[in-house]
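Engineer:
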Ligand SMILES: *Cc1c(COP(=O)(O)O)cnc(C)c1O
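In the working numbering, the protein residues as written are 1 to 369.
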C-alpha cells in the first residue's frame with residue numbers, strides 16, 4: 001500500500017465541473033485583476049473570521065509582510081516571534097528591515113510560550129507574531145494582554161489555522177490582523193499561490209488595500225511604498241468553489257486525528273507522543289504531528305513501506321544560516337531544538353481512508369517492535 005502525505009486529486013475530481021465553470025466565467029468576462037471573485041472571497045472569509053474586513057493578497061508570506069507594514073513596522077524595529085515555524089514568518093519581518101526576536105515554544109502545543117515573551121521586549125519592540133502551528137491557536141489571551149500592556153501590534157500567522165478557535169473566537173478576532181495562506185497544501189488550498197489578511201481595523205484594512213497595488217491612491221499617485229501583491233482572480237474563482245466545503249474538511253481532519261490518536265495509544269502506548277487539543281481550543285489539524293525517538297530512522301523505514309511523512313521543521317529559524325547575524329546559537333531555545341529533533345507529521349488530508357490510517361499505524365508499530 002502507498003500512503004501519500006496528502007492527495008489533492010480526489011478532491012479536484014469531486015468538484016471538477018464547478019471549478020472549470022468558474023474559471024470559464026473569469027476568462028469569458030476578461031476581468032482578471034481584483035474582480036468579483038476576489039470581492040466575494042474577501043466578504044466570505046471576513047464573515048467566516050467574524051471580522052469586518054478582508055484583503056486578498058498574492059500569498060501568505062506577503063500577507064504577513066503587508067500586515068507589518070500597514071501596522072507601522074519600520075526598519076530597525078524588533079518583532080517577536082517563534083523560531084519553530086515556516087521560514088516566511090521571520091522572512092516577512094526581515095523584509096520590512098525589522099529584526100526577528102525569537103521566543104521559545106511550549107512543548108505541548110508547539111506554539112510560542114507567552115510566559116517567555118515579556119523578557120524579550122525592549123524599547124525597540126513593535127510587534128508580536130504568534131503562529132497557530134499545525135492548526136491549533138496560540139494562547140491568545142495572555143499574548144493580547146502583554147501586547148496591550150506594551151502597546152504592540154499583533155499579527156496572527158494563521159496560515160495553517162483557518163477555522164480554528166481559542167475560547168470560541170476565531171483567528172483574526174484577537175490580533176490587529178490575521179494572515180491566511182491558500183498555498184495548495186493548506187486546509188483551504190488554491191491551485192497556485194494566494195493569501196488573505198483579515199482585520200477589525202478599518203484604517204489598517206485601507207492601508208493594506210493600498211500597499212497591494214503599489215501604494216497607489218488615487219491611481220498613479222503614491223504616498224506609501226507598496227508593491228504588486230494581489231490575490232489572482234482565477235485563484236479566487238477556484239477558492240470560491242472550495243470554500244463552502246472548508247468546515248466539512250476540517251471535521252474530517254479532526255476525525256482522522258482522533259482515530260490516529262486512539263490507534264497509536266492502543267498499539268504503541270508511550271512510544272509516541274500524540275498531539276493534544278487544549279480544552280479551550282478547536283484544532284483544525286493542518287498537520288497531525290507526533291513526537292518520537294529515532295525520528296529520522298522511523299521516517300526512512302516508513303518511506304520504504306510506502307508511507308510518506310514530513311518533518312515540520314527540521315531546523316529552527318534561530319539556527320538558519322540566513323539569520324546568522326542575529327547571533328543566536330543552538331541551545332538558545334531548547335524546547336524548539338528538541339521539537340526539531342522529535343516531530344514528525346503523518347499523512348493528513350480529508351480524503352484519507354481508514355485502511356490507509358491502519359497501515360500507517362501498523363508500520364510505525366513494526367518499526368518500534
Ligand atoms: C504556508 C505558511 C506561510 C506562507 O504562506 P505562503 O502562501 O506559502 O507564502 C507562512 N507561515 C506559515 C506558518 C505557513 O505554514
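Ideal Cβ placement from N, Cα and C applies to all residues, glycine included.
Here the structure is a predicted model, which means the values were calculated and not measured.
Please list the terminal residues of the continuous alpha helix (DSSP H) segment that includes residue 370.
Structural biologist: Absent from the structure is residue 370, since the part of the chain shown begins at 1 and ends at 369.
Engineer: Closer than 8 Å by C-beta to residue 23: which residues in its own chain qualify, once you throw out the five before and the five after it? Chain order, please.
Structural biologist: Excluding residues up to 5 positions away in sequence, 234, 237 and 238 lie with their Cβ nearer than 8 Å to the Cβ of residue 23 in the same chain.
Engineer: Based on DSSP bridge pairs, tell me the residues matched to residue 232.
Structural biologist: 33
Engineer: Do you know how far the Cα of residue 201 is from the Cα of residue 347?
Structural biologist: 38 Å
Engineer: Counting C-beta neighbours from all protein chains within 10 Å, is the total for residue 220 16 or more, i.e. buried, or is it exposed?
Structural biologist: Residue 220 counts as exposed, since fewer than 16 other C-beta atoms from the protein chains shown sit within 10 angstroms of its C-beta.
Engineer: Closest by CA to residue 203, which one among 176, 190, 213 and 144?
Structural biologist: 176
Engineer: Grouping DSSP H, G and I as helix and E and B as strand, with all else coil, what is residue 54?
Structural biologist: Under the three-state reduction of DSSP output, residue 54 falls in the strand class.
Engineer: Look at the Cβ atom of residue 345, then the Cβ atom of residue 84, and state whether they are nearer than 9 Å.
Structural biologist: no
Engineer: For residue 22, list the residues DSSP reports as bridge partners.
Structural biologist: Answer is none; residue 22 lacks a bridge partner.
Engineer: Report all residues from its chain with a CB closer than 7 Å to the CB of residue 190; omit the five preceding and five following residues, and keep chain order.
Structural biologist: 182, 184, 235, 238 and 239
Engineer: Could you tell me the alpha carbon to alpha carbon distance between residue 341 and residue 361, rounded to whole angstroms?
Structural biologist: 20 Å
Engineer: Going by DSSP in three states, residue 127 sits in which element: helix, strand or coil?
Structural biologist: strand
Engineer: With burial defined as no fewer than 16 other Cβ atoms inside 10 Å of the residue's Cβ, what is the status of residue 224: buried or exposed?
Structural biologist: exposed
Engineer: Ordered along the chain, which non-local residues of its own chain (more than five positions away) have a Cβ less than 7 Å from that of residue 92?
Structural biologist: 61, 64, 65 and 68.
Engineer: Just the C-alpha distance for residue 262 and residue 2, rounded to the nearest angstrom, thanks.
Structural biologist: So the alpha carbons of these two residues sit roughly 22 Å apart.
Engineer: Strictly by DSSP, which residues pair up with residue 281?
Structural biologist: 166
Engineer: Helix, strand or coil: how does DSSP classify residue 199 here?
Structural biologist: strand
Engineer: When the Cα atoms are used, what is the spatial distance from residue 126 to residue 104?
Structural biologist: 18 Å
Engineer: Put residue 7 into one of helix, strand or coil per three-state DSSP.
Structural biologist: coil
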